[in-house]
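Participant:
Number of protein chains: 2
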Amino acid sequence: MPNSPVKLEVRRSACCQAKTNCADCKVRLLSVCAALESDELCVLEALAKTIDFEPKTNLFMQEQPADAVYNVTEGMVRLYKLLPDGRRQIVGFALPGDFLGLAMDDHYGFSADAIGTVTACRFSREAFSNIVDEKPHLLRRLHEFATHELHLAQDQMVMLGRRTAEEKVASFLIGLRDRWARISGASVTVSLPMSRQDIADFLGLTIETVSRTLSQLARDKAILVVPDGVRLMDVARMEALAQV
Amino acid sequence: MPNSPVKLEVRRSACCQAKTNCADCKVRLLSVCAALESDELCVLEALAKTIDFEPKTNLFMQEQPADAVYNVTEGMVRLYKLLPDGRRQIVGFALPGDFLGLAMDDHYGFSADAIGTVTACRFSREAFSNIVDEKPHLLRRLHEFATHELHLAQDQMVMLGRRTAEEKVASFLIGLRDRWARISGASVTVSLPMSRQDIADFLGLTIETVSRTLSQLARDKAILVVPDGVRLMDVARMEALAQV
DNA sequence: CGTTGAGTTGACCATCGTCAACAGGAGTGG
DNA sequence: CCACTCCTGTTGACGATGGTCAACTCAACG
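In order, the protein sequences belong to chains A and B. In case it helps, our numbering puts the first sequence at residues 1 to 244. In case it helps, our numbering puts the second sequence at residues 1001 to 1244.
1) Tell me the DSSP secondary structure of aspartate 1234 (chain B) in three-state form.
2) So with CB distances below 9 Å, who are the chain B contacts of phenylalanine 110 (chain A)?
3) Is it right to say isoleucine 96 (chain A) is buried, meaning 16 or more other beta carbons lie within 10 angstroms of its own, or is it exposed?
4) Between which residues of its own chain and valine 1043 (chain B) is the CB-CB distance below 7 Å, once the five residues before and five after are set aside?
5) Rounded to whole angstroms, how far is the Cβ of glycine 204 (chain A) from the Cβ of glycine 1075 (chain B), which I believe are closer than 8 Å?
6) Which stretch, first to last residue, makes up the beta strand (DSSP E) that contains cysteine 121 (chain A)?
7) Any beta carbon of chain A sitting closer than 8 Å to that of methionine 1157 (chain B)?
8) Would you tell me roughly how many angstroms separate the C-alpha atoms of arginine 179 (chain A) and threonine 1213 (chain B), rounded to the nearest one?
9) I want to see whether chain A comes within less than 8 Å of alanine 1242 (chain B), judged by CB atoms only; does it?
10) Shortest alpha-carbon distance to arginine 163 (chain A) belongs to which of B:Leu1083, B:Gln1064, B:Val1158, B:Ile1207?
11) Please determine if the region 1046-1061 of chain B and the region 122-142 of chain A are in contact, where contact requires at least 3 C-beta pairs separated by less than 8 Å.
12) Starting from glycine 204 (chain A), find everything on chain B with Cβ-Cβ shorter than 9 Å and list it in chain order.
13) Alpha carbons only, please: which of A:Leu241, A:Glu167, A:Gly109 is nearest the one belonging to valine 210 (chain A)?
14) In the DSSP assignment, what residue or residues form a beta bridge with methionine 104 (chain A)?
15) Considering Cα atoms alone, identify which of A:Asp155, A:Pro193, A:Asp201, A:Leu232 is closest to arginine 1088 (chain B).
16) By a C-beta neighbour count over all protein chains shown, 10 Å radius and 16 as the cutoff for buried, is lysine 81 (chain A) buried or exposed?
17) For histidine 954 (chain B), count neighbouring Cβ atoms within 10 angstroms of its own Cβ and tell me buried if that reaches 16, exposed if not.
18) For alanine 1103 (chain B), which residues in chain A fall below 7 Å Cβ to Cβ?
19) Across the region 1033-1049 of chain B and the region 1136-1145 of chain B, are there enough close Cβ pairs to call them in contact, namely three or more that are closer than 8 Å?
20) Could you give the DSSP three-state label for alanine 170 (chain A): helix, strand or coil?
21) Identify each residue in the region 65-87 of chain A for which the Cβ-Cβ distance to at least one residue of chain B is less than 7 Å, and report them in chain order.
22) Where in the region 156-227 of chain A do unbroken runs of the beta strand (DSSP E), each at least 3 residues long, occur, reported from the N-terminal end onward?
23) Tell me whether the region 1184-1202 of chain B and the region 1228-1240 of chain B touch, counting them as touching only if at least three CB pairs, one residue from each stretch, are closer than 8 Å.
24) Checking 8 Å against the spacing of the C-beta atoms, do glycine 101 (chain A) and valine 69 (chain A) come in under that value?
25) Could you run through the region 126-141 of chain A and flag, in chain order, every residue whose CB is less than 9 Å away from some CB of chain B?
26) Tell me the rounded alpha-carbon separation between phenylalanine 172 (chain A) and glutamate 1126 (chain B).
27) DSSP three-state call for aspartate 1067 (chain B): helix, strand or coil?
28) With respect to the beta strand (DSSP E) encompassing aspartate 52 (chain A), which residues constitute its N-terminal and C-terminal limits?
29) Helix, strand or coil: which one does DSSP assign to glutamine 154 (chain A)?
30) Glutamine 1089 (chain B) touches chain A at which residues, Cβ-Cβ below 7 Å?
31) Where do the ends of the beta strand (DSSP E) carrying lysine 81 (chain A) lie?
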């Protein structure tokens, strides 16, 4: 069941490196940085470089030496692993506040692409590692994040292994709604900046099945497909299908 | 010098809390405890209780208050999540050296059952948490473990989402062979103490498909099904199917 | 306007699930 | 020792879910 091989545009981002201002950071309290006092924040701030990534550009590739970690502040990043024959599994979507650099040792364990325009704080791995050694509470925060990721990963296993296409799609939409809620407040409209192919590769389905399932849910008046997203019409029905 | 495996197999009855002797622990260097110096080990040793679990007994249940963490020293534990309607997804098998207590906050994120007889070191969560607060390098070690778990979880997502039944089974066998190798040395015979149902629930398949796939691999002379395990006959073929 | 790429829909099909029968081993009791 | 049940695992027949292939629409863009 080979999936359409992913063609990887290796566009270099126009690395605009602005002065970072953590105090004004919109996602600070959601991110790993929440562990830090304001004086410590200055230390981190000195190490951070704010980088904008253009849509469809690559942050890093699986198997590359992991020389940097990132804290996403704006936009959405797809994280994925490729099989030798081109089949792709998206292991997660990173949203503002998410930290990239947990599931890696010397080399990145997955690839990461900006979906739309993405802004992220970049830290050299070495510098970040040093500061973590000096601040146990930052390490603790990092560990909390890793633990949370592990939770999500295990929920995703249940999703991939034991749920039907309809349940997968509903669960995906509800899950994304809840994650957006933490960032920009509750809403019945779920923004879907990623392509159908991305959704399919996240849910272990094909693009056709995702499309058909969304159409069916729309026909059943459970959702309304709108440009770049869906509006949840029958929230109870969708939550029942998603039943975590 | 570190590895003088003690051959004394002492079978204790269920819930018999014996004196723990970390210095002799067969899996110490594989486990989180490897982070500790011998004097620190004594502190941990005082907190640990060695517990034996009879086959098919439960270590803890999903949603229960997480009042203890465990370090498996012998046997195999299945970790699983249940959906309300009874569908089950096994999120992992814990082997000697594995630590249970990463993917949890106040409540366990999954259930855990002993498959055969299991021996584990039990720590009260509070006491363990306190010692972690005092020993940053133990926290680091814990974080390394979490990171490793996350890696495995992401590989499992690729497995569940993008591999065929044959690839899943081959990958499972090769993966288990490699994990056993760390513990008891390399071998072409892979011990399978878990049931077919467990394998199915780990791979997102049914018991029938697992059975059929094993039979087919045996017919192809890639494996030989033996009591409580399989012998890998065509290792190259199996590794090709498993292609990580 | 033609081209391209994303998304939708339909027809068909294969992989894997469902249902059912059967085999073999362990335990029990006569 | 056999008869019986129970349990796990295997195998076969059949079917459904979701994949494959292809045609089509539509918007963006030259």
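Think of the CB as a built atom: it goes at the ideal place given N, C-alpha and C, for glycine as much as any other residue.
Facilitator: Judging by the given coordinates:
1) Aspartate 1234 (chain B): coil per DSSP, three-state reduction.
2) Result: Gln1154.
3) One detail in the question is off: residue 96 (chain A) reads as proline in this sequence, not isoleucine. Under this definition proline 96 (chain A) is a buried residue.
4) Here the set comprises Ile1131.
5) In fact, because the Cβ distance is near 32 Å, the residues do not count as touching under 8 Å.
6) Unbroken beta strand (DSSP E) run through cysteine 121 (chain A): 118-124.
7) Yes - at least one Cβ of chain A is within 8 Å of the one on methionine 1157 (chain B).
8) Per the coordinates, the alpha-carbon of arginine 179 (chain A) lies some 39 Å from the alpha-carbon of threonine 1213 (chain B).
9) Alanine 1242 (chain B) has a beta carbon lying at 8 Å or more from every beta carbon in chain A.
10) Closest by alpha carbon: B:Leu1083.
11) In this structure the region 1046-1061 of chain B does not lie against the region 122-142 of chain A, because fewer than three pairs of beta carbons, one per stretch, are closer than 8 Å.
12) By Cβ distance, chain B contributes Met1157, Leu1160, Gly1161, Arg1162, Gly1204.
13) In this structure, A:Glu167 is the residue among A:Leu241, A:Glu167, A:Gly109 with its C-alpha nearest to the C-alpha of valine 210 (chain A).
14) Looking at the DSSP assignment, methionine 104 (chain A) forms a beta bridge with A:Tyr108.
15) Nearest of A:Asp155, A:Pro193, A:Asp201, A:Leu232 to arginine 1088 (chain B), Cα basis: A:Asp155.
16) Counting other Cβ atoms within 10 Å of its Cβ, lysine 81 (chain A) reaches 16 or more and is therefore classed as buried.
17) Any question about residue 954 (chain B) goes unanswered here, given that chain B covers just 1001 to 1244.
18) Within 7 Å Cβ-Cβ: Thr147, Leu150, His151, Gln154.
19) The region 1033-1049 of chain B is in contact with the region 1136-1145 of chain B.
20) Collapsing the DSSP output to three states places alanine 170 (chain A) in a helix.
21) Under the 7 Å Cβ criterion, the region 65-87 of chain A contributes Lys81, Leu83, Pro84, Arg87.
22) Segments of the beta strand (DSSP E) lying fully in the region 156-227 of chain A: 189-191, 223-226.
23) At 8 Å Cβ cutoff, the stretches touch.
24) Closer than 8 Å, so yes.
25) Flagged, chain order: Val132, Asp133, Pro136, Leu139, Arg140.
26) When only Cα atoms are considered, phenylalanine 172 (chain A) and glutamate 1126 (chain B) end up about 35 Å apart.
27) Coil, per DSSP.
28) Aspartate 52 (chain A): member of the beta strand (DSSP E) spanning 49-53, first to last residue.
29) DSSP places glutamine 154 (chain A) in helix when its eight states are reduced to three.
30) Correct list: Met157, Val158, Gly161, Arg162.
31) 77-82 is the span of the beta strand (DSSP E), which, as asked, contains lysine 81 (chain A).
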